[in-house]
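Protein chains in written order, with my numbering: chain H, 1 to 362; chain S, 363 to 692; chain E, 693 to 1205. Backbone N, C-alpha and C fix where the C-beta goes; we use that ideal spot for every residue, glycine too. Reviewing the structure listed below.
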Amino acid sequence: MHEVKTPLIRLAKRDAMPAWQVWCIRGSSFIAAILLGALIFLVLGNNPISAYGTILSGSLGKSTAIRQTVKIAIPLLGTALAIAPCFKMRFWNIGAEGQITAGAVAASYFALFWADRLPGPALILVMAAAGAVAGGIWALVPAFFKAKWGTNETLFTLMMNYIIIGVVRWLQGGPWEGRPGSQIIPQFDSKAVLPKVLGVHCGWIIVLVLTVVMFIYMKYTKQGYEIAVIGESENTARYAGMNVGAIIMRTMFLSGAISGLVGFIVASGANNTLYDGVAAGVGFTAITVAWLAQLNPFAMIGISALLAVLEKGADTLQTRMNVPASISDIITGIFLFCMLGCEFFINYRLILRGGHKEVTGA
Amino acid sequence: MINQSPVLLLIMAAVLNGTPLLFGTVGEILSEKSGNLNLGVEGMMYMGGAMGLGAAFYYEQLSGGSASGIVAVLLAILFSFLGGAFGALIYSFITITLRANQNVTGLALAIFGTGAGQFIGEYMRVTSGGYVAISNELKAVFANSPFPAALQKLPVVGPLLFGQNIFVYLGLAVAVVMAVFLNRSRAGLYLRAVGESPATADAAGINVTRNKYLATVIGGGISAIGGMVYITTIAGCVWNHEGLAGEGWLAVALVIFCLWRPLNAIWGSILFGGLMILYLRLQVPFIPDQLYKILPYVVTVIVLIFTSLRNSKDKQPPASLGLAYFREER
Amino acid sequence: MTALETVHAIEFRHITKRFGKVVANDGIDLTLDRGEILALLGENGSGKTTLMNMLSGIYFPDEGEILVGGKPAAIRSPKDAYANGIGMIHQHYKLVDVFTAAENIALGLHDGGRLDRREIAARVQAISDKYGFGIDPNKKVYDMSVSEKQTVEIVKVLYRGADVLILDEPTAVLTPQETERLFAILRTMKADGKAIVIITHKLHEVMAISDRVAVLRKGQYIGAVNTAETDPQALTDMMVGHAVTLNIDRPDPVDPKPRLTVEGLTVLDAEGVKKLDGVGFTALGGEILGIAGIAGSGQRELLESIAGLYPIAAGSIRYTPDGAGPQELVGKTPMQIKQAGVAMAFVPEDRLGMGLVGGMGMTGNMMLRSWRRGKGVFVDRKDPNALALKVKESLEVVTPSVDFPVRRLSGGNVQKVLVGREIASSPTVLMSAYAVRGLDINTSYTIYNLMTEQKKKGVAVIFVGEDLDVLLELCDRILVLCGGKVSGVVDARTATKEQVGLMMTRVGGKEGA
C-alpha cells in the first residue's frame, strides 16, 4: 500500500558528463536544426539539398562571396566578444545594439567634421578612440544605476538602444543631413575609411586580435578573475575583498567600449557613413552568439561564421531560387532554438519512473 | 468631419497608433506576470501581422468577391493569435521545460519571428504577383468605426467614443478583462503567485509549469494581435519592408512604464502612441521632430530608475521575472 | 481518562528515515493527543524537523508507518497532510511578499472562480477573533513584522482546517513579548482541542508551554516525560546525553596573549532585528576559543562582523599585532583589513556560497586569497597552483585534478580545500564556522588536528561548533552565545556538558523558577 507516486519523468541536476557525450548532444542538436531547416525548404517546394548547397556556394563559393560573408561576421564576432565579460558576470547587457550605435555616432562626428583637420592615420585612430569611449559611456549609464540602486539592467540597456537610434534618426534628418531633404548623412571622406586588407576592410584583423586579447583577458588577468568570481557569487567576491559595484561599472564600460569600436568599424569600414541601421540587429544576434559559444572567444569565431554564412547564403538563395532572404532569420532562429535547448540535456538528467533511484546525502 | 480641433485630431491619432501597442503590452504583461520575460514580442508581433494579413487576404481571394468583413476580421484575429501563440510556445518549451536562459531565448524568438513574419509577407507578395492587396471595402472594415455615422457625427464625443476602429474597442476590452483576471480572480492570483515566488506557489499546490505555459502562450497570442492591428490599420493592409518598425520593443518598454498593470497600459499606450506621432502635429521650435520619437524610451528609463530608487514594493517587476524554476533547487 | 481513549491523534510507529548513509530518524515511536502541546526537544541535527516533515508531507518515511486518528495514513505531499488535518509552520515562511494576508491564505485552495476578497477576509477575521490573533487580512506581507508573518502562516494552516499543528522553532525570531502572545494563542488552540507540536531547544519555553516533552538525540528517540514531572536539568541530560570521550589532542596554550578584543558589538540584520547584542570577549593567540550556541544565536554574524563583511551598528573590534598597539577594525572593508596587515583567515559556514567559487578548480580557489598579489594585469597562477597541489597532497583531497570544479567534490574535500587555503596564508587569527559539519569522523579529526597545529603556532583560533563533546575536548575556553548575547565564558577543561547546554538555552545558564 506504500506504492510511491513519483511522476513519470523526474529531473535531476547532472553532475558531470564526459566531453564526448557533451559534443554528441551538441552535434545532434546541430543536425536536428539542419533537418528542421530542410523540412521548411521541403514545405516551400525547394529541394533542401540544393537549397543548402546554394547557401554554401553563395557564401563561400567565390572569393567575392567569402569577402561578403566575412564582412557580415566581423561585427557579430566583435560584439559577441564585447558581451562575453558582462554575461560571465551575469550582468545581462542587451544594449550592445545601442553601444554599437553610440560608437558609430562618435566616430562619425570626427569623420564628418575633423577630416580636413587631421592627417589620415590620426583621424582613424581618433575615430576609433571616440567610438570606444562613446560606447563605453553608453554602457556605463545602466551599470551605474545597477551598481548603486540595483536598477534592472536588462530593461535599462534595452531602452538605451532605442534612445541612441532615435538620436541617429534626428542627426540623419537634421544637423548632419547631407543634401537637404535627403535624410542621408554624406559619405565619409576617404581618409576616414578603414583601409582594406585582402579585399575586406581591416576590421577583420581588429576583431581577430580582439578575440585573442579577450581570451587572455578573461582567462589570465586579475580583472578576468574578478569577473568570473562575481558571476559565480557576489558574496564570495565580497569575501575575497572585491568591490563589486566598481567592477560591474568597469566591466560594462569595457564591454560598451568594444561594442563602440565595432560601431566605428561598421560605420567607417563597411558603410562609409552613418545611418540608423548601423547596428542592424547585430547587438541582439551577437548575444546569442556569445551565449552559444559558452562565452569562449574562439568558439565565437565559429558561431558568428555560421550565422554569417546563413545570412549571405540566403541572399544568394533569394536571387537564384526566389526564396525570400528572410529565410536566413528563420533558419538562424531554428539553429539558436536547437542549440539553446540542447544544453538542458547536458545539465539535467531525466529519471524515468521505475528507473534506478539514486539517493544522495544532504 | 470638419471643424475638428487639432487637439481632437491628435488624440484620435494617438489612440490609433497606441492600439497595436496596447495589445502587445497586455500580452507581455500576462507573460511577465508568470515570471517569463519574453523579449520576443517584436518577433511574435511580426508573425501575428503576417499571419493576420494573410488570413484576411486569402479569405478574400477564396470567397470570390463575397467576403464578409466581420469574418475577415475574426479570421485575422484568430490567425494572428495563433502565429504569436506558436512563437510563444517555442519560447515556453525552451525556457520552461528546457530551462534555457530567458533573455537569450527571447532574442532568438525576436530574430526567428521577425524572419518568419517577413518571410510570410514576402512570400504572399511574390506569389500574388508583387502586391498583397485587400479590397477597399474590406480595408474599411478594418480601419473604420463599426458605429453608424450618426453617432460619429456627434460633436467631440462622436469621433472620440464612436469614431475609432474596431480594434480600439477590442483592445480596451482585452485590457479590462486582463485587469479583472489578474486582480479579481483566483486563477489570476495564482498566476501572480507563480511569477512572484514559484516555490511558494508550488508548495501551495499550484501547478507552476501549467500556469507559466498558459500565460506565456496566451500572452504571446494577444501580443501578436497587435502586429496584425498595426498592419491592417496603420500600414494600410500592405506588407512592406518596414514591417512593424519596432512596435514590439516599444511594447516591452510600455510594460515597464505602466508598472505591469493592464489598466495603466490603456492610457500608457495612448500616451506612447501620441508621442510617436506628436512631431507631425505639434511643432515646437528648438525641439527637433525626430527627438519626439525617443521620448517613450526616455520616460521608460526614468520610470525604471524611479521605481528602483523608491523601492516601493508594489511597483516592482514580478520577483522571479527571468528566472527558471527547478523544484529541487531550494 | 477512560480505557476507550487510546486512539491518539497521531501515532508514529517505528519511523526510520535515511539520507544517504546518514540515519536522520532511527525507528522512532511517538504519540500525540488532541488537546495537548507536545514539545519536541533536541540539539541541532537530532532529527526533530525531519520527523515532523514526514508528518507534513515533505518527506516520506523509509520504514514504519504513521497513524492519523488510529488509521494508517500515507502522507505524500502537503496537500495529503492537509487532507488529514495536519499543517506545519516551517521556519522559513512561504509567503508572497506583495500579496495581502488574505491572498496568501487563500493561495492554492480552490481552482478558478472569482476571488472574493471580502469573503476570505471575513473567514480570516473569524479565525483571528476566535484565537485572538489580531491579524489584518488586508495588510501586505512586506509591511509585516516577522511575528505577523508567522501569524499569517498559522492562520493559513487553520484556514485549511488543520487539527494538528506543527511549529518548527516558532520563537526563534520573536521578541519575548511576541513569544508570550504566541503562547497565549497556542493555549487557546489547545483548549479548542487542537493537537500541537512545537519543535524547540529552548528549555524555559518547553517548561512554560508544553504538557509533555519528547526528546530526540542523534536520530534516536530518547523518551517522553510530562513537563510537570521534570526540570531543565533532567531535560538537558536527556538532550545532550553523557559526555563521550573523543581523545582529541589538546596541548596547553603557550604564552597566550590578547590578539583580538571585541567590545559591545551590536549588529542588526536587514529587517532591523538585533543579531548581536553587546558582545564582548578577547581571543588569545595560542589558544582555541570555542563558540557554542543554538543555531542562529549570532555565530555567523559574529564571524562576518570580524571579517568586515557585516555592517556593524555599534561596538569595537581591536586587533593587536605582535609588538605593536591595538588597531580598530570596525569600519574597514575586508581588503582594508588585509592591507592593514591583519592576517585573518576565515572559514565561513556557507562554503560554496561565500568561501569558495564552486565552478572553479582548486587552483582557482586558492587564487581567491592571492589574486591581487603581484604587479601587472595578469593574475599569478603558478603559486596558487603549487599551493593547490600542496593542499591536495597534505590534506589528501580527493579530486581528479586541481582544475576540477570544487562544486563536484564531496563535502569533506570541499572543506579541506577551504581550510587548507585559509591556513596556508599563515594567519594570526583563524576563524572557522562549523568546520566539521557533514564530515566523516576521519576528516573531522584531520580538521581538529589542523586547528590544534595552528594553535601551537601561536594563532588565535576561533572555532564555532555545534557538537558540545568536540568543543569541550578541542577548545581551551568556550564562549557561549544565547540569542545574540554572551551567555558566559567557561574553561573547557573543567566545564561540563550540562553546564554549557544550560547556558546555551538561557543567558547565564541559571535555572529560572
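- Ranking ALA793(E), ILE980(E), PRO753(E) by CA distance to the CA of PHE704(E) puts PRO753(E) first.
- In the DSSP assignment, THR1012(E) falls outside any alpha helix (DSSP H), carrying neither H nor E.
- Residue pairing for ALA975(E): DSSP places it in a beta bridge opposite LEU952(E).
- At a cut-off of 7 Å between beta carbons, LEU274(H) makes no contact with chain S.
- For the beta strand (DSSP E) assignment, the region 567-627 of chain S encloses no uninterrupted run of at least 3 residues.
- Chain-ordered listing is empty here: chain E has no CB closer than 8 Å to the CB of LYS655(S), the nearest sitting near 34 Å.
- The beta carbon of THR562(S) sits closer than 7 Å to some beta carbon of chain E.
- No Cβ of chain S is located within less than 7 Å of the beta carbon of GLU811(E).
- Collapsing the DSSP output to three states places ARG14(H) in coil.
- The C-beta distance from ARG942(E) to LEU1166(E) rounds to 7 Å, short enough to meet the 8 Å contact threshold.
- Between the C-alpha atoms of THR1012(E) and PRO950(E) there is a straight-line separation of about 7 Å.
- Listed along chain E, the residues sitting closer than 8 Å to ILE568(S) by beta-carbon distance are LEU799, GLY800.
- Residues of chain H with a Cβ closer than 9 Å to the Cβ of SER454(S) do not exist; the shortest Cβ-Cβ separation is about 12 Å.
- Listed in chain order, the alpha helix (DSSP H) elements of length 4 or more contained wholly in the region 258-309 of chain H are 282-292.
- In this structure, GLY386(S) sits near SER585(S), with a CB-CB distance shorter than 7 Å.
- For ALA627(S), not one C-beta of chain E is nearer than 7 Å to its own C-beta.
- With fewer than 16 other Cβ atoms from the protein chains shown falling within 10 Å of its own Cβ, VAL197(H) counts as exposed.
- Chain E has a Cβ within less than 7 Å of the Cβ of LYS222(H).
- Sequence-distant partners of PHE298(H) (beyond 5 residues in either direction) whose C-beta falls short of 7 Å from its own C-beta, in its chain, are THR211, PHE215.
- Counting along the chain, the unbroken alpha helix (DSSP H) around ASP772(E) starts and ends at 770-775.
- Under the three-state reduction of DSSP output, SER1124(E) falls in the strand class.
- Closest option to TYR659(S), judged by alpha-carbon separation, among GLU177(H), VAL167(H), ALA308(H): VAL167(H).
- Contact with chain E is found for THR236(H), since one of that chain's Cβ atoms lies less than 7 Å from the residue's Cβ.
- Closer than 7 Å to the CB of LYS841(E) there is not a single CB belonging to chain S.
- Shown in chain order are the members of the region 484-518 of chain S whose Cβ falls below 8 Å from a Cβ of chain H: GLU484, TYR485, VAL488.
- Of the residues TYR1002(E), ARG726(E), GLY1015(E), VAL1094(E), the one whose Cα lies closest to the Cα of THR880(E) is ARG726(E).
- Residue environment: LYS655(S) is assigned as buried (16 or more neighbouring CB atoms within 10 Å of its CB, all protein chains considered).
- Annotated as distal: SER1136(E) and PHE1155(E), with beta-carbon spacing of 7 Å or more.
- Per DSSP, TYR913(E) lies in no alpha helix (DSSP H); the unbroken beta strand (DSSP E) holding it starts and ends at 912-918.
- Under DSSP, ASP1183(E) forms a beta bridge with ARG1169(E).
- Collapsing the DSSP output to three states places GLY970(E) in a strand.
- For ALA19(H), the closest Cβ of chain E is not nearer than 7 Å.
- Taking all protein chains shown into account, TYR493(S) has fewer than 16 neighbouring C-beta atoms within 10 Å of its C-beta and is therefore exposed.
- The Cβ-Cβ distance between GLY1050(E) and LEU908(E) does not fall below 7 Å.
- Pairwise C-beta distances place the region 98-114 of chain H in contact with the region 254-274 of chain H, as three or more of them are shorter than 8 Å.
- VAL539(S) counts as exposed, since fewer than 16 other C-beta atoms from the protein chains shown sit within 10 angstroms of its C-beta.
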